[in-house]
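Participant: When we follow my numbering, the leftmost residue of the sequence shown carries the number 5, and every step to the right adds one.
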Amino acid sequence: MKDPVIEIERDVKESFQEGKPLPEGFEITKYQPAEGMVMQMFSTPFLRGKLELDVEEVAMSSRHILSQVEQGDVNTEYTTYFDEDARVSMHGQEWFQQFSDQIKDSYVAFISNVFQIPVSHLSRDDIHLFAWLNRYTGPHQHATHNHVNSHISGTYYIKTEKSNQPIKFLNPNMGAIANHLAVDRPMEREGYPHILFSGVNGCDSSFEYFPQEGEFLFWPSYIQHAVEPSQERIEDYERITLSFNLKHRPIIDNNQTGRDMPYEFLEENIDHGR
Ligand SMILES: [Fe+2]
């Protein structure tokens, strides 16, 4: 790395020797920043992984399931999210059972390794996995949103070769980013293939992940994200993904104070399903 002290000292001396006038009271001095290490603190954990599934088989089955969804509305025709019959019809597929097992196990590993959340009281059935298929064929997009009533969200990328829509994630700490006055600079980083950051290291406004078939991502559900419209026409455009929300039954203690009472008599008016 270049030594800024020497460089600046030379520049100042050269300027002086060339006879450029110096402002009154100006003295030749050294640029002397203290030595130090920049610490990028308070990160947001994402998980990027690969599932052991045959994407060709999953793609074929996904196309079949998605063909049941009513066509005509560009906002809903590409997904099983709004069609409960089509959505749950994938649950009986062998590939989906393998998907569910691998995703639930990955969730348990993630929350216990990263957040140290207790998991030994859980079985796979204590993990809520709400999943829906999506197939973009050109005119489809998804505006910026996040997922409520969920802990970790994610997407599994099934068929993306003939597509060009990355998923874009926004920094949840935008207020602090603005205060840093950092510039937004598109940049790639070693160790993060197929990801384009926008910002400076440790101070990014957003990043875009360009999907790779067979990979999946986990992110905290509160993170805002979007799939922006496709910018160029690709023949036989196809982007098949499986998105999901995850949460689990937490363990509680200090729960046996006072007298117990079931709350069943209260009217159920909240949909906990998604
Ligand atoms: Fe989403």
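Heads up, the beta-carbon is just placed ideally off N, CA and C, and yes, glycines get one too.
#1: Per DSSP, which residues does Met191 bridge with? Please list them.
#2: Give me the Cα-Cα distance between Lys108 and Phe134, rounded to the nearest whole angstrom.
#3: Considering only C-alpha positions, which residue in the set Pro254, Glu242 and Gly76 is nearest to Asp130?
#4: Can you give the Cα-Cα distance for Ser116 and Val42, rounded to whole angstroms?
#5: Using a Cβ-Cβ cut-off of 7 Å (strictly less than) and excluding sequence neighbours within five positions of Arg278, which residues of its own chain qualify?
#6: What residues match up with Glu239 in a beta bridge as DSSP calls it?
#7: Taking the DSSP output, what are the residues bridged to Val231?
#8: By the three-class DSSP mapping on this structure, what secondary structure does Ala38 have?
#9: Taking Cys207 as the reference, which of Tyr213, Val187 and Glu194 has the closest Cα?
#10: Considering Cα atoms alone, identify which of Glu271, Trp136, Lys34 and Leu174 is closest to Phe282.
#11: For Ser157, does the three-state DSSP call read helix, strand or coil?
#12: Buried or exposed: where does Asn259 fall if 16 or more other Cβ atoms within 10 Å of its Cβ makes it buried?
#13: Work out the CA separation of Pro37 and Glu31 for me, nearest whole Å.
#14: Looking at Gln97 and Ser65, is the spacing between their C-beta atoms short of 8 Å?
#15: May I have the straight-line CA-CA distance separating Ile238 from Gly142, to the nearest angstrom?
#16: Glu212 and Lys54: beta carbons closer than 8 Å?
#17: Give me, in chain order, the residues of the same chain whose beta-carbon lies closer than 7 Å to that of Val9; leave out the 5 immediate sequence neighbours on both sides.
#18: Any heavy atom of ligand 1 closer than 7 Å to the beta-carbon of His149?
#19: Look up Asn259 in the DSSP assignment and say whether it is helix, strand or coil.
#20: For Tyr140, write down the residues that DSSP places opposite it in a beta bridge.
#21: Please name the residue, chosen from Tyr82, Leu57 and Gly195, that lies closest to Ile280 on a Cα-to-Cα basis.
#22: For the beta strand (DSSP E) that contains Gly53, what are its first and last residues?
#23: When the Cα of Pro294 is compared with those of Leu126, Lys163 and Leu200, which residue comes out closest?
#24: Run through DSSP, which three-state label would Lys108 get?
#25: In chain order, what residues of the same chain have a beta carbon less than 7 Å from the beta carbon of His198, not counting five sequence neighbours either side?
#26: What residues in its chain sit with their C-beta under 8 Å from that of Glu61, if we drop five residues either side in the sequence?
#27: Tell me, which residues are paired with Asn249 by DSSP?
#28: Is His125 near ligand 1, in the sense that its beta carbon is under 7 Å from a heavy atom of that ligand?
Facilitator: Straight from the coordinates:
#1: Phe201
#2: 11 Å
#3: Pro254
#4: 29 Å
#5: Phe134, Asn153 and Asn249
#6: Glu239 is not bridged to any residue.
#7: His146
#8: coil
#9: Val187
#10: With the chain represented from 5 up to 278, any question about residue 282 goes unanswered, as that position is not in the structure.
#11: strand
#12: exposed
#13: 17 Å
#14: yes
#15: 8 Å
#16: no
#17: With a pLDDT of only 48 at Val9, under the threshold of 50, the placement of this residue in the model should not be trusted; the figure read from the coordinates follows. These residues qualify, in order along the chain: Lys34, Tyr35 and Gln36.
#18: yes
#19: coil
#20: Arg243
#21: This structure cannot settle anything about residue 280, because the visible part of the chain is limited to 5 through 278.
#22: Leu51 to Lys54
#23: No statement about residue 294 is possible, as the shown extent of the chain runs from 5 to 278 and does not include it.
#24: helix
#25: Tyr213, Phe214 and Gln216
#26: Trp99
#27: Phe134 and Ser157
#28: no
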